[in-house]
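Student: In the numbering used here, the protein residues as written are 1493 to 1821. Even glycine gets a Cβ: it sits at the ideal position worked out from N, Cα and C.
(1) What are the residues that DSSP puts in a beta bridge with residue 1576?
(2) Looking at C-beta atoms only, is the number of pairs between the region 1672-1680 and the region 1585-1593 that lie closer than 8 Å three or more?
(3) Where are the alpha helix (DSSP H) runs, 4 residues long or more, that stay fully inside the region 1497-1524, in chain order?
(4) Output the residue ranges of the beta strand (DSSP E) runs that lie fully inside the region 1660-1716 and measure 3 residues or longer, sorted by chain position.
(5) Considering only C-alpha positions, which residue in the set 1652, 1527 and 1733 is nearest to residue 1669?
(6) Taking its Cβ as the centre, do 16 or more other Cβ atoms sit within 10 Å of residue 1778, making it buried, or is it exposed?
(7) Could you give the DSSP three-state label for residue 1814: helix, strand or coil?
(8) Since I believe residue 1785 is in contact with residue 1801 (beta carbons under 8 Å), could you give me their beta-carbon distance rounded to a whole number of angstroms?
(9) Starting from residue 1586, trace the alpha helix (DSSP H) in both directions and tell me its first and last residue.
(10) Taking the alpha-carbon positions, what's the residue 1537 to residue 1570 distance?
(11) Could you check which residue in 1758, 1551, 1728 and 1680 has the C-alpha nearest to that of residue 1736?
(12) Would you kindly work out how many angstroms separate the C-alpha atoms of residue 1645 and residue 1505, rounded to a whole number?
(13) Can you tell me where the beta strand (DSSP E) with residue 1654 in it begins and where it stops?
(14) So, using beta-carbon positions, are residue 1544 and residue 1599 closer together than 7 Å?
(15) According to DSSP, simplified to helix, strand and coil, what is residue 1821?
(16) For residue 1606, does the three-state DSSP call read helix, strand or coil?
(17) Looking at C-alpha atoms only, which residue of 1749, 1528, 1624 and 1610 is the closest neighbour of residue 1581?
(18) How would you write the range of the alpha helix (DSSP H) that residue 1744 sits in, first residue to last?
(19) Starting from residue 1761, follow the beta strand (DSSP E) in both directions and report where the run begins and ends.
(20) Can you tell me where the alpha helix (DSSP H) with residue 1792 in it begins and where it stops?
(21) Does the distance from the CB of residue 1762 to the CB of residue 1788 come in under 7 Å?
(22) To the nearest whole angstrom, what separates the beta carbons of residue 1751 and residue 1808, a pair I think is in contact under 8 Å?
(23) In angstroms with no decimal places, state the Cα-to-Cα distance between residue 1636 and residue 1530.
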């Protein structure tokens, strides 16, 4: 769902267009200062601090004005915690669209067979009802969440190790309690680690001291190599979205609040449906913003005019590309 793919392999060409390399840049080749401004750091959160504290430490290490995490982890929970830097904080809502994955150690209060556990796992795969726990920072109203996968990894006595792939906003602590109730044994969550959060995986995660060291290498020695390995462009976390790629001439107009018109589109993803959230990009692969598709891929390819995407959020600064549009009088 979040694989990095070649534009030529995935996108349909509506109208061939070239980009001017005098402005803008490939997101993966930005100047280090711009990479930090539009970047994401994936921290391997340790047991103890809150997610907010980790985000604050990242902000202090990199000497930033703003940073924000994507998806709260309880203090006792470890694992993947993506932190958006500066302007990239606008992209955080998009991180919650793909599923998240966890490895959990659940302790049963009475014995249960492996067959019964597998049976209950199957029953809980799909849409489930959940009421947030008492300690949750949200209203405790019943809501529906989707469990995509429940995999039993190991069982030793009353300890059950399993992997869960679930919709964002699923409470694993509550899932353990509900699984225990369905088994007739009661249960609680013993340990939890997030292994994937949207497009961000364990292989992307670094420790806070790694980030600190890399920042000092850059500031004190002028060596960017380690910091570039750690900080990813914000586009990395938007790979799950289907794309609409626009011509250079349309970029600044969109940055000033215009919607995406059919005539400004050069390429687009296959299978875009009406009402789907799409990423609007430049020909260099830079994220301009996100919006709601008002036409399907087939309709956009065939249409000669009209609005194709209703823009909802713009990420790119005005003036990044030259103005090639006229203001209506």
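Tutor: The short version:
(1) Residue 1576 sits at position 84 when you count from the first residue of the chain shown. Note: residue 1576 sits in a beta bridge opposite 1532 and 1560.
(2) no
(3) 1499-1502
(4) 1679-1689
(5) Here residue 1669 refers to the residue found at position 177 of the chain shown. For the residues 1652, 1527 and 1733, the minimum Cα distance to residue 1669 belongs to 1652.
(6) Taking the chain shown and counting its residues from 1, the one referred to as residue 1778 is at position 286. By the 10 Å Cβ count, residue 1778 comes out buried.
(7) On the chain shown, position 322 is the one that residue 1814 refers to. Of the three classes helix, strand and coil, the one that applies to residue 1814 here is coil, per DSSP.
(8) Against the chain shown, residue 1801 aligns to sequence position 309. Against the chain shown, residue 1785 aligns to sequence position 293. Indeed, because the Cβ distance is near 6 Å, the residues count as touching under 8 Å.
(9) For the purposes of this step, residue 1586 is taken as residue 94 along the chain shown, with counting starting at 1. That run of the alpha helix (DSSP H) goes 1584-1587.
(10) On the chain shown, position 45 is the one that residue 1537 refers to. On the chain shown, position 78 is the one that residue 1570 refers to. Cα to Cα, residue 1537 sits roughly 5 Å from residue 1570.
(11) For this step, residue 1736 is matched to residue 244 along the chain shown. Closest by alpha carbon: 1758.
(12) As a working mapping, residue 1645 is identified with position 153 in the chain shown. As a working mapping, residue 1505 is identified with position 13 in the chain shown. Each residue's Cα considered, the two are about 44 Å apart.
(13) For this step, residue 1654 is matched to residue 162 along the chain shown. Unbroken beta strand (DSSP E) run through residue 1654: 1651-1658.
(14) Counting from one through the chain shown, the residue named residue 1544 turns up at place 52. Counting from one through the chain shown, the residue named residue 1599 turns up at place 107. No, they are not a contact pair.
(15) Locating residue 1821 in the chain shown gives position 329, counting from the first residue. With a pLDDT of 46 at residue 1821, under the threshold of 50, the modelled position of this residue cannot be trusted, and the question is left open.
(16) Here the question's residue 1606 lines up with position 114 in the chain shown. If DSSP states are grouped into helix, strand and coil, residue 1606 belongs with the helices.
(17) As a working note, residue 1581 is residue 89 in the chain shown. Checking every option, the nearest Cα to that of residue 1581 belongs to 1528.
(18) One-based indexing of the chain shown puts residue 1744 at position 252. Run containing residue 1744: 1740-1747, per the alpha helix (DSSP H) assignment.
(19) Numbered from 1 along the chain shown, position 269 holds the residue referred to as residue 1761. From DSSP, the beta strand (DSSP E) with residue 1761 extends over 1757-1761.
(20) Start at 1 with the first residue of the chain shown, and residue 1792 comes out as number 300. Residues 1789-1794.
(21) For the purposes of this step, residue 1762 is identified with residue 270 of the chain shown, where counting begins at 1. For the purposes of this step, residue 1788 is identified with residue 296 of the chain shown, where counting begins at 1. No, Cβ-Cβ distance for residue 1762 and residue 1788 is not below 7 Å.
(22) Counting from one through the chain shown, the residue named residue 1751 turns up at place 259. Counting from one through the chain shown, the residue named residue 1808 turns up at place 316. With a Cβ gap of about 15 Å, residue 1751 and residue 1808 do not count as contacting.
(23) Here residue 1636 refers to the residue found at position 144 of the chain shown. Here residue 1530 refers to the residue found at position 38 of the chain shown. Answer to the nearest angstrom: the Cα atoms are 34 Å apart.
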